[in-house]
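The listed protein sequences derive, respectively, from chains A and B. Be aware that the first sequence starts at 1, since it is given in this note's numbering, and climbs by one per residue. Be aware that the second sequence starts at 220, since it is given in this note's numbering, and climbs by one per residue. Even glycine gets a Cβ: it sits at the ideal position worked out from N, Cα and C. If you're wondering where the values come from, they're calculated on a predicted model, not measured in any experiment. Take a look at the structure set out below.
Number of protein chains: 2
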Amino acid sequence: MTHPNFTSEQVIETLKWRYATKKFDPEKKISAADWKTLEQSLVLSPSSFGLQPWKFFVIRNPDLRSQLVEHAWNQSQVEDASHLVVLTIKKGIDNSDVNRHIERMADVQEIPKENLQGLENAIKGFLQDPPFPLDVDQWSIRQTYIALSFFLYSAAVLGIDTCPMEGFIPAKYDEILGLPEKGYTAVVLCTAGYRAADDQSADRAKVRYETEAVVTYID
Amino acid sequence: MTHPNFTSEQVIETLKWRYATKKFDPEKKISAADWKTLEQSLVLSPSSFGLQPWKFFVIRNPDLRSQLVEHAWNQSQVEDASHLVVLTIKKGIDNSDVNRHIERMADVQEIPKENLQGLENAIKGFLQDPPFPLDVDQWSIRQTYIALSFFLYSAAVLGIDTCPMEGFIPAKYDEILGLPEKGYTAVVLCTAGYRAADDQSADRAKVRYETEAVVTYID
Numbered sequence: 001m002t003h004p005n006f007t008s009e010q011v012i013e014t015l016k017w018r019y020a021t022k023k024f025d026p027e028k029k030i031s032a033a034d035w036k037t038l039e040q041s042l043v044l045s046p047s048s049f050g051l052q053p054w055k056f057f058v059i060r061n062p063d064l065r066s067q068l069v070e071h072a073w074n075q076s077q078v079e080d081a082s083h084l085v086v087l088t089i090k091k092g093i094d095n096s097d098v099n100r101h102i103e104r105m106a107d108v109q110e111i112p113k114e115n116l117q118g119l120e121n122a123i124k125g126f127l128q129d130p131p132f133p134l135d136v137d138q139w140s141i142r143q144t145y146i147a148l149s150f151f152l153y154s155a156a157v158l159g160i161d162t163c164p165m166e167g168f169i170p171a172k173y174d175e176i177l178g179l180p181e182k183g184y185t186a187v188v189l190c191t192a193g194y195r196a197a198d199d200q201s202a203d204r205a206k207v208r209y210e211t212e213a214v215v216t217y218i219d
Numbered sequence: 220m221t222h223p224n225f226t227s228e229q230v231i232e233t234l235k236w237r238y239a240t241k242k243f244d245p246e247k248k249i250s251a252a253d254w255k256t257l258e259q260s261l262v263l264s265p266s267s268f269g270l271q272p273w274k275f276f277v278i279r280n281p282d283l284r285s286q287l288v289e290h291a292w293n294q295s296q297v298e299d300a301s302h303l304v305v306l307t308i309k310k311g312i313d314n315s316d317v318n319r320h321i322e323r324m325a326d327v328q329e330i331p332k333e334n335l336q337g338l339e340n341a342i343k344g345f346l347q348d349p350p351f352p353l354d355v356d357q358w359s360i361r362q363t364y365i366a367l368s369f370f371l372y373s374a375a376v377l378g379i380d381t382c383p384m385e386g387f388i389p390a391k392y393d394e395i396l397g398l399p400e401k402g403y404t405a406v407v408l409c410t411a412g413y414r415a416a417d418d419q420s421a422d423r424a425k426v427r428y429e430t431e432a433v434v435t436y437i438d
């Protein structure tokens with residue numbers, strides 16, 4: 001498979017360019033082609049065992065977006081960004097989700113389901129007796145943060161601004177979007193679009209600890 | 220700031236090129252320059268409020284890596300990959316971590332700490348009375364999955380293979396690496412390097428649900 005490498009310098013430039021956008025330009029919209037790529041970044045994100053314990057709700061209804069602002073600490077991004085994604089987990093992932101995944105795998109990889117019995121048992125065994133104390137919804141949330149991050153990173157390499165947002169009331173989002181009836185619950189938001197020319201946070205120096213304070217080598 | 224865009228096609232190619240590498244070529248090592256970029260991807264990862272509730276341990280001691288294999292379901296990547304990172308959280312993030320962050324921010328952005336009082340109060344308020352039921356360690360783990368994902372994605376755009384690994388016994392890793400004494404606990408592993416020529420999983424079709432099954436538009 002072809003692989004279009006970035007250079008190291010380009011990676012660092014991209015990571016430094018990215019920031020949590022506080023003020024979007026409400027007039028600038030993400031193109032359909034770019035959006036399709038961002039959507040596919042969510043779809044193609046890795047997850048534990050490939051279970052994809054999530055669903056991504058893209059809220060396009062302007063009245064709904066306006067209604068959702070107040071339940072996200074009145075942060076304007078919810079309404080002003082080109083796109084608003086509510087990342088959700090499927091509650092209570094269980095063996096039926098493993099079955100669904102195994103069936104999909106057999107289908108996509110064109111192999112008999114019987115060949116996947118070992119994998120199926122391994123995943124079900126993990127859910128039954130995880131190697132660490134595990135709340136299955138917390139585990140699904142971790143996976144959803146991978147999808148969030150792939151979305152953020154893809155946006156950055158495309159030159160699209162984002163703001164991941166934990167500051168909202170999931171119960172209110174669930175209620176307004178009717179998520180519990182569908183089996184889902186909101187875990188994190190992501191807004192995407194283009195920074196407003198006067199977003200003051202764009203120019204602030206990125207605050208990170210020294211590398212030595214967060215990376216330790218054990219030789 | 221300059222921004223080196225990928226095209227949409229390059230993003231999709233990169234995401235499809237990436238896979239969880241099951242077998243690394245033990246002879247192929249990541250160059251020092253590329254490693255520095257991966258390390259900086261961890262450092263530059265976003266986190267809630269920028270708190271960076273994590274530390275990344277890079278295990279270079281071959282005896283230790285060999286010893287760690289059995290506590291990761293005997294997965295060979297722990298020993299064979301060019302690099303092994305143990306991503307950890309700082310246990311029990313609290314107001315002292317907020318203070319440390321605010322001091323760092325004042326320092327990096329060259330502003331008086333007094334100007335950051337509002338932010339400091341907001342973060343402490345969040346920890347005190349979060350908008351959703353929150354176990355602070357689970358919250359830190361979510362953030363650490365962002366760092367994991369940024370590492371995975373940076374590796375992919377550089378043409379470096381990775382394998383994120385949850386299948387290990389955190390308590391054993393903690394014990395062997397002496398993490399609890401330092402205040403940290405292992406949450407996820409990531410191995411990085413180059414796929415072995417005979418890694419059969421490299422050519423398998425990526426298994427994902429249909430886009431329509433995971434992305435829902437609310438109009």
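| Check | Outcome |
| --- | --- |
| For the stretch 359-378 of chain B, list every residue whose C-beta sits within 9 Å of some C-beta in chain A, in sequence order. | I360, R361, Q362, T363, Y364, I365, A366, L367, S368, F369, L371, Y372, S373, A375, V376, L377, G378 |
| Taking B/L408 and B/V304 to be in contact with their CB atoms under 8 Å, please state how far apart those CB atoms are, rounded to whole angstroms. | 7 Å |
| According to DSSP, simplified to helix, strand and coil, what is B/W292? | coil |
| Buried or exposed for B/K332, please, with buried defined as at least 16 other CB atoms from any protein chain shown within 10 angstroms of its CB. | exposed |
| How would you label A/A197, buried or exposed, when you count the other beta carbons within 10 angstroms and need 16 or more for buried? | exposed |
| With a floor of 3 residues, list each beta strand (DSSP E) that falls wholly inside the stretch 362-414 of chain B, ordered by position along the chain. | 380-384, 403-412 |
| Between B/K274 and the rest of its own chain, which residues show a CB-CB distance below 7 Å, the 5 nearest in sequence each way excluded? | T307, K309, Y403 |
| Is the Cβ-Cβ distance between B/K425 and B/K235 less than 8 Å? | yes |
| In or out: B/A252 buried (at least 16 other Cβ within 10 Å) or exposed? | exposed |
| Shorter than 8 Å from the beta carbon of A/S96 to some beta carbon of chain B? | no |
| Report the residues of the stretch 46-64 of chain A with a CB closer than 8 Å to any CB of chain B, ordered along the chain. | P46, S48, G50, Q52, W54, K55, F56, F57, V58, I59, R60, N61, L64 |
| Beta-carbon within less than 6 Å of A/P180's beta-carbon, same chain only, minus the 5 sequence neighbours each way: which residues are those? | D174 |
| Do we get a CB-CB distance below 8 Å when we pair A/L42 with the residues of chain B? | yes |
| Spell out whether any CB of chain A is found under 8 Å from the CB atom of B/L346. | no |
| Can you list, in chain order, the residues of its chain whose CB lies under 6 Å from that of A/R195, leaving out five sequence neighbours each side? | T21, D161, A202 |
| Relative to the C-alpha of A/S96, which candidate in A/L127, A/I59, A/P26 has its C-alpha closest? | A/L127 |
| Below 8 Å on the Cβ atoms is my contact criterion, and I expect A/V58 with A/L68 to pass it. Report the Cβ-Cβ distance as a whole number of Å. | Not confirmed; about 13 Å, so no contact. |
| Roughly how many angstroms separate the alpha carbons of B/M324 and B/R423, rounded to a whole number? | 46 Å |
| Could you check whether A/T14 and B/S227 sit closer than 8 Å to each other, using their CB atoms as the reference points? | no |
| Label B/S250 either buried or exposed according to how many other C-beta atoms from any shown protein chain fall within 10 Å of its C-beta, with 16 as the threshold for buried. | exposed |
| Quick one: which residues of the stretch 307-336 of chain B get their C-beta closer than 7 Å to a C-beta of chain D? List them in chain order. | Among the protein chains in the structure shown, which are A and B, there is no chain D. |
| Give a yes or no on whether the minimum CB-CB distance between B/R414 and chain A is below 8 Å. | no |
| What residue does the beta strand (DSSP E) around B/L306 start on, and which one ends it? | 302-309 |
| Please name the residue in A/S149, A/H101, A/L177, A/S47 whose C-alpha comes closest to that of B/P265. | A/S149 |
| Mind pulling the chain B residues with CB within less than 7 Å of A/K251? | No answer is possible for residue 251 of chain A: the residues shown for chain A start at 1 and end at 219. |
| Buried or exposed: where does A/Q125 fall if 16 or more other Cβ atoms within 10 Å of its Cβ makes it buried? | Note on identity: in this sequence residue 125 of chain A is Gly, with Gln being the wrong assignment. It counts as exposed. |
| If you draw a straight line from the alpha carbon of A/P133 to that of B/I437, how long is it in whole angstroms? | 36 Å |
| Which word fits B/D299, buried or exposed, when buried means at least 16 other C-beta atoms lie within 10 angstroms of its C-beta? | buried |
| Cα separation between B/I365 and A/I146? | 6 Å |
| Using the C-alpha atoms, what's the distance from B/T363 back to B/E258? | 14 Å |
| When the cut-off is 8 Å and only beta carbons count, does B/A411 lie next to chain A? | no |
| Hey, out of A/K172, A/E120, A/S48, A/L116, whose CA is closest to B/P350's CA? | A/K172 |
| So the alpha helix (DSSP H) A/T211 belongs to, where does it begin and stop? | 211-214 |
| If you measure beta-carbon to beta-carbon, which residues of the stretch 222-233 of chain B are closer than 9 Å to chain A? | H222, P223, N224, F225, T226, S227, E228, Q229, V230, I231, E232, T233 |
| By Cβ distance below 7 Å, which residues in the same chain neighbour A/Q52 in space, the five residues on each side in sequence not counted? | none |
| Tell me which residue opens and which closes the beta strand (DSSP E) that B/K274 is part of. | 273-278 |
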